[in-house]
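Residue numbers (the numbering used here): 11 to 327. Heads up, the thing below is written out as structure tokens.
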């Protein structure tokens, strides 16, 4: 009897470890998708020439059409009374708009670099707004990340020149990316609160997609964007658009929410630096944006090591 119990416990433990690794893979795929986001968003806006809000609106509308049949069965109208859910939806809209505009105006690598600093913003906001204790090594991590960022911006991406070479467009895009990072920080603070209200992840994502579709569609119509641009897209542009919709807007969102609920924010966030690797690879492939000096590569390594070390340290704590 003891042997049987021991064997059962061992098999249950192995199954638990296997499930954890499976959800970790889902988390990495979600990070890969979010790493691809600024690259695909920049490509579709600057190469395919799709207007920004039209891109978000149609992309999220298709995601809703694909996802709604599966999610509606989990939606209870009582969930719509959750204040955290609607605060979450507002933050998601602001995050999406600033993020898509950042991708129009500056390099995808710069955007992802700023996004990687979100955990540091979460720590600062939690300490300032909710009187939580500032995690150890937060200030040194901020300092090292800023050094890495300056090195990464020490030349024109892909041009091989030294010196901080940022145009007015770059500064506008970086400003948008900083605003987007603050929105993402509030997003990460609000996700656990939707769990306290017992709102299913499926309902959270559905409300997010519907809100984004309606808000960006209204902005697009008010500003008079040209939706006729979709009629002029080639096969390659449509392929990039579908990858953007299915792999990023739907897949990365769903994977992120599901893995956060299964593994918890500390473990999921601890691999967040993978997003920069994904961005670097995709930017080189689609946009020809590459690190062109040893200083830029050193800056990228400093940011990757600092953010990864900081997040793993917080996870252990």
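For every residue, glycine included, the Cβ atom is placed at its ideal position computed from N, Cα and C.
Residue i - DSSP class collapsed to helix/strand/coil
i	result
residue 103	helix
residue 114	helix
residue 296	helix
residue 143	coil
residue 176	coil
residue 238	helix
residue 281	coil
residue 58	coil
residue 34	helix
residue 210	coil
residue 274	coil
residue 45	helix
residue 302	coil
residue 86	coil
residue 138	helix
residue 244	coil
residue 186	helix
residue 163	coil
residue 127	coil
residue 92	coil
Cα-Cα separation, residue i to residue j
i	j	result
residue 217	residue 237	24 Å
residue 259	residue 298	23 Å
residue 171	residue 177	For residue 171, the predicted structure reports a pLDDT of 49, less than 50, and the residue's modelled location is therefore unreliable. The matter cannot be settled from this model.
residue 354	residue 90	Nothing about residue 354 can be reported from this structure: the residues present for the chain run from 11 to 327 only.
residue 215	residue 263	7 Å
residue 95	residue 304	45 Å
residue 137	residue 226	32 Å
residue 88	residue 268	21 Å
residue 118	residue 108	13 Å
residue 61	residue 256	19 Å
residue 134	residue 277	19 Å
residue 34	residue 235	40 Å
residue 251	residue 76	15 Å
residue 301	residue 295	13 Å
residue 101	residue 193	6 Å
residue 103	residue 78	19 Å
residue 93	residue 219	17 Å
residue 320	residue 229	39 Å
residue 144	residue 270	22 Å
Of the listed residues the options, nearest to residue i (C-alpha basis)
i	options	result
residue 121	210, 281, 47 and 269	47
residue 288	35, 45 and 75	45
residue 240	43, 51, 110 and 64	64
residue 105	264, 222 and 155	222
residue 161	271, 306 and 322	306
residue 54	242, 286 and 265	242
residue 210	62, 272, 308 and 253	272
residue 326	301, 232, 146 and 154	146
residue 274	127, 324 and 159	324
residue 190	92, 234, 249 and 123	123
residue 285	314, 294 and 295	314
residue 69	290, 254, 279 and 322	254
Assigned exposure category for residue i - 16 Cβ within 10 Å defines buried
i	result
residue 56	exposed
residue 80	exposed
residue 311	exposed
residue 142	exposed
residue 83	exposed
residue 30	exposed
residue 140	exposed
residue 316	buried
residue 66	buried
residue 181	exposed
residue 159	buried
residue 231	exposed
residue 149	exposed
residue 99	buried
residue 151	buried
residue 128	buried
Check: residue i C-beta below 8 Å from any heavy atom of the ligand PLP
i	result
residue 229	As far as ligands go, the structure on display features none, and thus does not contain the ligand PLP.
Proximal residues to residue i (C-beta, below 6 Å), its chain only, five neighbours per side dropped
i	result
residue 179	115
residue 85	213
residue 292	46 and 49
residue 183	112, 115 and 116
residue 247	58
residue 52	113 and 118
residue 308	161
residue 261	43
Residues of its chain near residue i, where Cβ-Cβ distance is below 7 Å and the 5 sequence neighbours each way are ignored
i	result
residue 281	37, 38 and 41
residue 132	195, 198 and 199
residue 126	282, 283, 285, 286, 313 and 317
residue 154	312 and 316
residue 186	108, 111, 112 and 115
residue 97	200
Own chain residues within Cβ distance below 8 Å of residue i, not counting five before or after
i	result
residue 265	36, 37, 39, 40 and 43
residue 71	223 and 227
residue 26	At residue 26, the pLDDT of 49 sits below 50, so the modelled position is not reliable; the number obtained from the coordinates is stated separately. Excluding residues within five positions, none has a Cβ falling inside 8 Å.
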